[in-house]
Structures are given as structure tokens and as C-alpha cells.
Amino acid sequence: MHTKKNNLQKFTGYIEKGRFVLPYCKTCRKTIWPPTNNCRICLNNLTLKNYKNKQGKILEYFLDKFNNNLANNIMVLVELDEIILIGSLHQDNINSRNIQGKKVRIKKCGFIDKKIFYQFEIVNN
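Residue 593, in this note's numbering, is where the sequence shown stops; the numbers in between run on with no holes.
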């Protein structure tokens, strides 16, 4: 018996493949977070939209002093299409001390120890 995958299962499947997608309501023209099958506003079915090159903005940043695996990374809070993600930004991508408000996009995403990770890169305009 074949069961249809819901949007959360599809979302995590794309993340496992390194592809960043978000549920999107075509009726309301809004990104819906967290991933669900139906829009929380109009209850219509959602589609998954590719956000690979979508730009976001750094809201806050801090050095990750507790995780040795991220020694060269800065942790960032990023607003992307009205949702907020936490991820890392490699220090080699930074050419100034204040990166708050800088534009970023997702460079990589996936799972580490069954937890989703997002790695961002600065967008140079």
C-alpha cells in the first residue's frame, strides 16, 4: 500500500538532499512556517517552493564558542520571507565587523545528528 507523503515529510526529504524548499500558499501568496499540509489562513493545500537562491537578512549574530565543529563559523539569525532560521556563516565570507542587516542566502542545508542545519553565505551586490 502506497501512502502519500505530507509536506513535512517532503520538506525533510528535500533537506536531506541539500535542497531548501518552503511550503507556499498560492491563494494567500504567503510562505507558511512551520511546514504543514494546509494554509493556516485559508486552509487550502500548499505547494513546496524552491528557495535555493532566495535572499534573507541577518537579524543577529554571535560566535559559537561551545561547538568545536563550528570553530570558524558565526551563528546567525536570518529572516527569510517572514520566517526566522538559525544557521552558520563561515568567517571567511565576512569582510566587515558588523554583519547585522547583511543579505545572505542558503549555501548548504541538511542533517547532522538528526538535526537540520543551514549554512549561509553573504550575498555581494
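Ideal Cβ placement from N, Cα and C applies to all residues, glycine included.
Of all alpha-carbon atoms in C493, E589, F585, the one lying nearest the alpha-carbon of Y482 is that of F585. Of the candidates K478, Y529, N505, L514, the residue whose Cα lies closest to the Cα of T495 is L514.
In this structure, the CA atom of Q523 is about 14 Å from the CA atom of I554.
Take E484, set aside five residues on each side of it, and the residues of its chain with a beta-carbon closer than 7 Å to its own are G578, F579, in chain order.
Apart from sequence neighbours up to five positions away, the residues of its chain that approach L545 with a beta-carbon distance below 8 Å are I526, L527, E528, Y529, I552, L553, I554, ordered along the chain.
DSSP places F479 in the helix class (H, G or I) of the three-state scheme. E550 carries a coil assignment under DSSP once its states are collapsed to helix, strand and coil. Residue state for Q587 is assigned as strand, using DSSP reduced to three classes.
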